[in-house]
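Notes for the one structure printed next.
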Amino acid sequence: MKIKNICCIGAGYVGGPTMAVIALKCPNIKVTVVDVNFKKISAWNGPLSNLPVYEPGLKEVIEKTRNINLFFSNEVDKAINESEMIFIAVNTPTKTEGEGAGKAADLKYIEQCAENIAKVATDDKIVVEKSTLPVRTAEKIKEILDKNDKGVQFEILSNPEFLAEGTAIEDLFKSDRVLIGGSKTDRGQKAIQDLVDIYSNWVPKEKILTTNVWSSELAKLASNAMLAQRISSINSLSALCEKTGADIDELSKAIGMDHRIGPKFLKTSVGFGGSCFQKDILNLVYLCEYYGLKEVAEFWHQVIKINDYQKNRFAEKIISYFDGNITGKKILLLGWAFKANTNDSRESPSIYIAKKLYDQGAIIKVFDPKVSEERIYSDLKEHYKPNKKLDKSRLIVEDSIELSDQEAIAILTEWDHFKDIKYPKGSIIFDGRRIIKNSNVNFKIGS
Ligand code: UDX
Ligand code: UDX
């Protein structure tokens, strides 16, 4: 089948940029991105300066494609019906209740999408899992889809996304690999080919990897786990550097020059954040436990434990600088996003650090160039009981950097312009990203 119409359910960080790039590279395909969130869709259809996702290069792609062959809409059923291929890119948070709570991925949105596709589809569809899912989710989706009573045939593919936020567009243009998992049947192989044909418009053939569905699903979890494991490894060594006088950047460089290890993902930090690493590892841990692989589960769980240790260690450094009493101390947090060049703050280490300092009585000021005030408050509120009111006189979000009366500055995100600030003489600085070059830093993680 030559695919002419694609839809994607979920206009988030993954669905939005991925579909925009497909639309740009495949001008003959009509791409419709749908979402149940009205506000989000109207923002995707609104001014380019205020798209719901901030990614370098994204607005240029949207400008070239929007309302030409890329459409954003709330009409989910209509888009499903019009499309031969449906991507599912809805969120899969960690379960908060029931079996596997705290670890397993909550598949309720995925299941709702599948139920909806089964209900409204009147002709054959290829359904593509874009969201990161536990191994064997495709089986569950297929079960739900097969409840369709109109004789419609569904083929399920797994096509996990490997883009990193902040470089999403670049990553989509120049993917290291595109992974497509499908069944070994003739129909499965045909569906795989249909998706290969789409990516072949810009991705070299040798970078398109086809596998069985389970390998593809697991490869995504495993890739994220391996990346996060490198960060926890280096962060664990940062603690040892601080004790021994070794310098973590020098250590990373020396380690990374071994071509078998390589230099990437060896940068120490206040801990990793983002919507994927923690969730995917917990999911992997849950899977291992489910299959009785206790030692394997423990191995991966340790990656999360070291990450929690690193966030806590950093906050403790600030507290102990003030001899354990930070009540009323004004602390300026520079950066809220989980990394630079994104407005995303999901699982950002800043949330944990701010909460810890706030709980101990500090006056927190926060500045981030891209994360909104509303978002910062809602990130923190999520960590308290629903009726808890945050004291806004102790939690102040700034819209510019005011270096005046703070008693300490903590750098939590590596935004470029934090590097060039002229920090007043005598400032007490805790650098959690090692971006300040001058030596007047009171604490630099890893040395
Ligand atoms: C990502 C990935 O897709 C997934 O692999 C990862 O596991 C979590 O997050 P992302 O694009 O970052 O998703 O999530 P988000 O920005 O929250 O976007 C998901 C969108 O799906 C939201 O806009 C939400 O409104 C929408 N959605 C959710 C639906 O349209 N329908 C639903 O039933 C549920
Ligand atoms: C990650 C994966 O990289 C990507 O392939 C997958 O599709 C989604 O999850 P993302 O979370 O967007 O992408 O960003 P990433 O660049 O991986 O950074 C994750 C976190 O690790 C950030 O908090 C970042 O600051 C931190 N990090 C990264 C480090 O602390 N040190 C490093 O060396 C690299």
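Mind the numbering: the sequence shown is residues -2 to 444 in my numbering, read in order.
Glycine residues also receive a C-beta, built at the ideal position from the N, C-alpha and C atoms.
Check: Per the contact definition of three or more C-beta pairs closer than 8 Å, is the region 76 to 83 in contact with the region 121 to 135?; Outcome: yes
Check: Does any residue of chain C have a CB that is nearer than 8 Å to the CB of V438?; Outcome: Among the protein chains of the structure shown there is no chain C, as only one such chain exists.
Check: Beta-carbon within less than 7 Å of K308's beta-carbon, same chain only, minus the 5 sequence neighbours each way: which residues are those?; Outcome: V267, G268, P346, Y349 and I350
Check: To which residues does DSSP link C5 through a beta bridge?; Outcome: V30 and F84
Check: Going by the DSSP bridge assignment, what does S70 pair with across the sheet?; Outcome: V31
Check: Mind checking G271: buried by the 16 CB within 10 Å criterion, or exposed?; Outcome: buried
Check: Is it the case that the CB of N221 approaches a heavy atom of ligand 2 more closely than 7 Å?; Outcome: yes
Check: Quick one: what's got a C-beta closer than 8 Å to S369's C-beta in the same chain, skipping five residues either side?; Outcome: N340
Check: To the nearest angstrom, report how far apart V50 and G13 are at their CA atoms.; Outcome: 8 Å
Check: Between A161 and ligand 2, is the CB less than 7 Å from at least one heavy atom?; Outcome: yes
Check: State yes or no: is the C-beta of G259 nearer than 7 Å to some heavy atom of ligand 2?; Outcome: no
Check: Would you mind reading off the limits of the beta strand (DSSP E) that contains S213?; Outcome: S213 -> not in any beta strand (DSSP E); alpha helix (DSSP H) instead, spanning V210 to T241.
Check: What's the gap between the Cα of P201 and the Cα of I361?; Outcome: 49 Å
Check: Closest to L331 by C-alpha separation, out of Q357, I373, T134 and D32, would be which residue?; Outcome: I373
Check: Using only the alpha-carbon positions, how far apart do N64 and V58 sit?; Outcome: 12 Å
Check: Ends of the beta strand (DSSP E) at E126?; Outcome: K122 to E126
Check: Indicate the three-state DSSP secondary structure (helix, strand or coil) for R63 in the structure shown.; Outcome: strand
Check: Can you confirm whether the region 401 to 411 touches the region 314 to 334 when touching is taken to mean that 3 or more C-beta pairs between the two stretches lie within less than 8 Å?; Outcome: yes
Check: Check whether the Cβ of Q109 sits closer than 7 Å to any heavy atom of ligand 1, and report yes or no.; Outcome: yes
Check: Helix, strand or coil for V175, going by three-state DSSP, please let me know.; Outcome: strand
Check: Between N34 and ligand 1, is there a pair consisting of the residue's CB and a ligand heavy atom that are separated by less than 7 Å?; Outcome: yes
Check: Quick check on this structure: which residue in A101, E136, D143 and L104 has the alpha carbon closest to the alpha carbon of A115?; Outcome: D143
Check: Look at the Cβ atom of F35, then the Cβ atom of N88, and state whether they are nearer than 8 Å.; Outcome: no
Check: So, do the region 147 to 160 and the region 223 to 231 have three or more beta carbon pairs nearer to each other than 8 Å?; Outcome: no
Check: Measure the C-alpha to C-alpha separation of A251 and I258 and round it to an integer number of angstroms.; Outcome: 10 Å
Check: Given 7 Å as the limit, tell me if F84 has its C-beta closer than that to any heavy atom belonging to ligand 2.; Outcome: no
Check: I think I442 touches G429, with their Cβ atoms under 8 Å apart; what is that distance to the nearest whole Å?; Outcome: 5 Å
Check: Which runs of the alpha helix (DSSP H) spanning at least 4 residues fall entirely within the region 135 to 172, listed in chain order?; Outcome: 165 to 170
Check: Using a Cβ distance threshold of 8 Å, determine whether the region 242 to 251 contacts the region 296 to 316, with at least three qualifying pairs required.; Outcome: no
Check: Could you tell me which residues DSSP pairs with I205 in its beta bridges?; Outcome: V175
Check: Quick check on the DSSP output: the beta strand (DSSP E) that includes I278 runs from which residue to which?; Outcome: Element bounds for I278: not the beta strand (DSSP E) but the alpha helix (DSSP H), F274 to Y287.
Check: Candidates P366, R391, T182 and K378: which alpha carbon is nearest L354's?; Outcome: R391
Check: Tell me whether G289 is buried or exposed, calling it buried when 16 or more other Cβ atoms sit within 10 Å of its Cβ.; Outcome: exposed
Check: Quick check on the DSSP output: the alpha helix (DSSP H) that includes L248 runs from which residue to which?; Outcome: I245 to G253
Check: I'd like the list of long-range same chain contacts for E158, defined as Cβ closer than 7 Å, with 5 residues on each side in sequence excluded.; Outcome: V11, T15 and K127
Check: Give the list of continuous alpha helix (DSSP H) stretches no shorter than 4 residues that lie fully inside the region 402 to 435.; Outcome: 413 to 416
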